[in-house]
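Residue numbers (full-length UniProt numbering): 1 to 259.
As structure tokens, this is what we get:
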């Protein structure tokens, strides 16, 4: 009920908004796998333990019952749609395998992915095992969100730019493409967005995603060249929200025109 209320508050305040994103967190998947998480003041989410060696994967449930462990997210989506009279679509979301793996290895929210990058290179086979497990859970989770009333689904790979493009291609791209293809196979009407922050957008032009999220470090013109067959979303630097209202409006209009 609280998640639904927080999701609905912006809609009540700004009635011209045409969609709403469910109030949740990408770290619910590691929690479902057996990594308890708590909020540390002035730090952010922290797990009770970090994945330090391949043996630590044995502490995890690599095939959790998604319907049981993440039912609270599905309930929040359902009740949000009910309270909005089904008039406004809900956006469901999750973290991408690499982004989730990074936080699991780091032990929570961090500014640097140093440990995660070392882990990827030091334990490539264990990394692939964890990434493959995560992609399977993500598919079930996204399908569950869709079935609960979220027709729009976004996969955030916010730490995409932490590793070289060739390494990202080797370890991450196939899993991200699999997620979209598998969800679409099971729920053909789902509309899906991928956000490879600071990554190579062109990688996903031949994927099953409908939309590619564009980082503010890429120009709209360049993004359109890289993804001629996709809808594009985003590109606004979030720090712009610290500016005054008129500057926000002006820069947003300018950005839209550039697309």
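Positions of the beta carbon are idealized from the N, C-alpha and C atoms, including for glycine.
Buried versus exposed, by CB contacts within 10 Å (16 or more), residue 18 = Per the 10 Å Cβ criterion, exposed.
### Query
Using the C-alpha atoms, what's the distance from residue 99 back to residue 251?
One C-alpha to the other measures close to 29 angstroms.
request  = Per DSSP, which residues does residue 157 bridge with? Please list them.
outcome  = Residue 157 is bridged by DSSP to 196.
| residue 227 - DSSP class collapsed to helix/strand/coil | For residue 227, the secondary structure class from DSSP, reduced to helix, strand or coil, is coil.
Exercise for the section: Give the secondary structure of residue 26 by DSSP, where H, G and I count as helix, E and B as strand, and everything else as coil. Expected result: DSSP places residue 26 outside both helix and strand once states are collapsed to three, so it counts as coil.
For a test of the three-state rule: what should DSSP assign to residue 40, helix, strand or coil?
DSSP, read as helix, strand or coil, puts residue 40 in strand.
*Relative to the C-alpha of residue 158, which residue among 182, 167, 64 and 26 is closest?*
26 is the residue among 182, 167, 64 and 26 whose C-alpha sits nearest the C-alpha of residue 158.
### Own chain residues within Cβ distance below 7 angstroms of residue 154, not counting five before or after
The beta carbon of residue 154 sits closer than 7 angstroms to those of 91, 93, 193 and 195, all from its chain and outside the five residues before and after it, given in chain order.
Inter-residue spacing [alpha-carbon to alpha-carbon] between residue 50 and residue 4: Rounded to whole angstroms, residue 50 to residue 4 spans 31 angstroms at the Cα level.
Separation of residue 67 from residue 75, as counted between CA atoms
Looking at the two C-alpha atoms, the distance is approximately 10 angstroms.
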